[in-house]
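The structure appears below as structure tokens.
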């Protein structure tokens, strides 16, 4: 076999990086569970027509078929890999509605696939950590205020720079555009969504061309998008623009509650930013984006929003609100910037040294005694000279080597970083807590 | 959207089942880490030619391509979903050999996909938990004795029936067949591998037809396959058959070490069973299969073996030994038999009740105080009558409801199972340890 080469867009981490990723995932999952979210995993594939029906058509879907599929086997011919967790979760809720308790709080940490052009922090296979709350018929707006607290706590538990969650509410934009007299608020939203990419002048042109806005209306749209406040003072700023609409009022009240709830939980976590639109057309209320401070150039690492019409069966609808942490994106960027490291490349805390291959059974018993008390332990691969066995530990960052006592002498354990060696009993010795597991910094 | 239907072979669990699955995965992972295995994840896709080169050609590979792939885009056109972790891991070792420390101990817990006909406990998308140890040039045989200890400990930590690991060594079969005078030991192995499916008489026929055996040689092959002992006494039983070959001696010594190591660690865990062959042609030493006692009819739930020639680059080879727990298979069978249950369907331990929607900020602060001390907490979805809020907890199996004190009175917490209610402080109260997390039985 010749040396294989990576496939662009399908990242693979080295073991030490994967240990960091697991540490991050464990922390995220722990936070989700502290807020009472229950886990769900959905299959990797969905019917292709469902994948193409939702979200942006520009998403590059991967089609999946059996190599030996029979001709005309329609079931097999029409599957694709999911490109996010939202579409599969919506389907899961409908399929299992009779067995779920509503409001239903779930988290879902899984890979997704998109055939987009790979670039820094943007992959074709990537890991996402999602939470959603879905209720039957109506969903209380306080859930829109809760999600930023959850991801705020999740990020705060990670060894990463602080985040800023930018929030907006679709009702504000839509109500404002309607109040202005525009008749196609969706088109106006799509135009304003391009502000970062094409700049204000071209957005004004686009509003005139695609949303039927007059020049004055277009400028009023821009004025709304320019409002950004760390507290509820955005309400006054919007009022000062002089536009009135019931939907606008509703959105302002909801967004004020989101910002105030977040401020009382973690000051500085959320900022109301009325240019945040989110591309997806199914959002109907609060929308979220998240910047990693100091890494704003990388774009949002955690996004989502409220959707009222994504899931319905006959007359029953299941409105929801969700947010998704882009784990691969976050880690890829931080690995690239050398921002994350781990104290060792294996879970092992102790290597039991071997004087002689015949002593392996006795060394196994020592290792078992340590493992029974939760201490990750390996037995030395060979009965080489002790110097070589110590180097085995050293190269992996394993902190301790255990020397079984010969001829009735006590065992000894050596901290190979300090060289300190002391007698020890396998049924009683414990490492300092900081050494038990690898630490991530 | 009409009600979606499941896709055959792509199982999805309800939240309570997924919680059980996560509990099982956490236990398995913890055991792997106690033995010093480091985590690796590989991408879901491999070049199709690599997938088709290894293992059985009968495996039904899923091909993956971008819906909008450009014509003639060779890279995209030739990918498939992996059908196990062994082939991707072999590729990963070659690709990263310069960055890994050998011997390299890794675990890998991931989904795999096979387009086989779905049946009970056999899925098209399934989760596997693998460990492998790979070294450069040579691999010490003691690792073949270590793997059963690891999976034995992993299974013992789960609330499932006890397991029995059946072990054999390819060298025994091959050496014995050569010692008998057979010239195509691989063909003989393939014939004996069908013993369970077609019975002894047809295996004799097959040995004569496909492996060039005489009737006496075929019967001698069967005699070997019938040997099964819980200790190293199989060595004498094989010797009594009167066949001699150096490779046979080597295999007997290695298998005796595996069985004796296991017996000294966990009596009854391993049994030498010389009919175990494993279909895959890349095994060269010890092979493993595992029966769940009382569920033998379901076949092996954990299999693997030693492979010397799977990974090589030029003159360098990377011999390894690995074993794989079929997690979806195991859980599917146990869920089907109603053998596993969990004490609640959400992680939540406490619901904070609401007298009034205006008290939500105060309830949020109580919930935060509990979460800070690791107690999974939700705030009630509505300020409905207390009876309704208690039913919200009851229906999910949440054990505690917290009542914030009004007008300076102390808070109270109610165990809704016993009805017992006591005053409590959010900064100090702790539930009994058994109630903190859901328990699996």
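Protein chains in written order, with my numbering: chain A, 953 to 1393; chain B, 953 to 1393. Even for Gly, the Cβ is constructed at its ideal location relative to N, Cα and C.
Hey, out of the options, whose CA is closest to residue i's CA?
| i | options | result |
| --- | --- | --- |
| residue 1224(B) | 1200(B), 1258(B), 1056(B), 1184(B) | 1184(B) |
| residue 964(A) | 1073(A), 1053(A), 1059(A), 1046(A) | 1073(A) |
| residue 1251(A) | 1364(A), 1301(A), 1269(A), 1281(A) | 1281(A) |
| residue 1214(B) | 1104(B), 1356(B), 983(B) | 1104(B) |
| residue 1004(B) | 1036(B), 979(B), 1305(B), 1115(B) | 1036(B) |
| residue 1208(A) | 1077(A), 1222(A), 1018(A) | 1222(A) |
| residue 1275(A) | 1265(A), 1283(A), 1258(A) | 1258(A) |
| residue 1122(A) | 1134(A), 1141(A), 1033(A), 1110(A) | 1141(A) |
| residue 1117(A) | 1204(A), 1245(A), 1234(A) | 1245(A) |
| residue 1110(B) | 958(B), 1277(B), 1128(B), 1216(B) | 1277(B) |
| residue 1326(B) | 1300(B), 1346(B), 1342(B) | 1300(B) |
| residue 1034(B) | 1065(B), 1020(B), 1061(B) | 1065(B) |
| residue 1243(A) | 1220(A), 1233(A), 1234(A) | 1220(A) |
Do the CB positions of residue i and residue j come within less than 9 Å of each other?
| i | j | result |
| --- | --- | --- |
| residue 1120(B) | residue 1239(B) | yes |
| residue 1177(B) | residue 1147(B) | yes |
| residue 1316(A) | residue 1101(B) | yes |
| residue 925(B) | residue 1236(B) | Any answer about residue 925(B) is impossible in this case: the structure gives chain B only from 953 up to 1393. |
| residue 1070(B) | residue 960(B) | yes |
| residue 1052(A) | residue 1031(A) | no |
| residue 1262(A) | residue 1042(A) | yes |
| residue 1228(B) | residue 1115(B) | no |
| residue 1112(B) | residue 977(B) | no |
| residue 1099(B) | residue 1203(B) | no |
| residue 1018(A) | residue 1377(B) | no |
| residue 991(A) | residue 974(B) | yes |
| residue 1130(B) | residue 1226(B) | no |
| residue 1086(A) | residue 1271(A) | yes |
| residue 996(A) | residue 962(B) | yes |
| residue 1230(B) | residue 1153(B) | no |
| residue 1173(B) | residue 1247(B) | no |
Nearer than 8 Å: is that true of the beta carbon of residue i relative to any heavy atom of the ligand ZN?
| i | result |
| --- | --- |
| residue 1308(A) | You won't find the ligand ZN in this model; it holds no ligand whatsoever. |
By Cβ distance, which residues of its chain are closer than 7 Å to residue i, with the 5 residues on each side in sequence left out?
| i | result |
| --- | --- |
| residue 1136(B) | 1163, 1164 |
| residue 951(B) | An answer regarding residue 951(B) cannot be provided, because it is not within the stretch 953 to 1393 covered by chain B. |
| residue 1293(B) | 1393 |
| residue 1374(A) | 1364, 1365 |
| residue 989(B) | 1057, 1058, 1059, 1083 |
| residue 1338(A) | 1305 |
Assuming residue i and residue j form a contact by the criterion Cβ under 8 Å, report the distance between their Cβ atoms to the nearest whole angstrom.
| i | j | result |
| --- | --- | --- |
| residue 1096(B) | residue 1273(B) | 5 Å |
| residue 1159(A) | residue 1138(A) | Actually they are not in contact, since the Cβ atoms of residue 1159(A) and residue 1138(A) sit about 12 Å apart, beyond 8 Å. |
| residue 1106(A) | residue 980(A) | 5 Å |
| residue 1077(A) | residue 1040(A) | Wrong, their Cβ atoms sit about 16 Å apart, outside the cutoff. |
| residue 1305(B) | residue 1353(B) | 5 Å |
| residue 1356(A) | residue 1314(A) | 6 Å |
By Cβ distance, which residues of its chain are closer than 6 Å to residue i, with the 5 residues on each side in sequence left out?
| i | result |
| --- | --- |
| residue 1079(B) | 1063, 1279, 1280 |
| residue 1206(A) | 1093, 1121 |
| residue 1329(A) | 1302, 1319, 1322, 1323 |
| residue 1068(B) | 1012 |
Assign residue i to buried or exposed, taking buried as 16 or more other Cβ atoms, counted over all protein chains shown, within 10 Å of its Cβ.
| i | result |
| --- | --- |
| residue 1382(B) | exposed |
| residue 1358(A) | exposed |
| residue 1332(B) | buried |
| residue 1241(A) | buried |
| residue 994(B) | buried |
| residue 1369(B) | exposed |
| residue 1126(A) | buried |
| residue 1124(A) | buried |
| residue 1284(B) | buried |
| residue 1038(A) | buried |
| residue 1217(B) | buried |
| residue 1312(A) | buried |
Using a Cβ-Cβ cut-off of 8 Å (strictly less than) and excluding sequence neighbours within five positions of residue i, which residues of its own chain qualify?
| i | result |
| --- | --- |
| residue 1349(A) | 1295, 1296, 1297, 1298, 1390 |
| residue 1167(A) | 1156, 1160 |
| residue 1265(A) | 1046, 1049 |
| residue 1189(A) | 1179, 1181 |
| residue 967(B) | 1297, 1298 |
| residue 1346(A) | 1368 |
| residue 958(A) | 964 |
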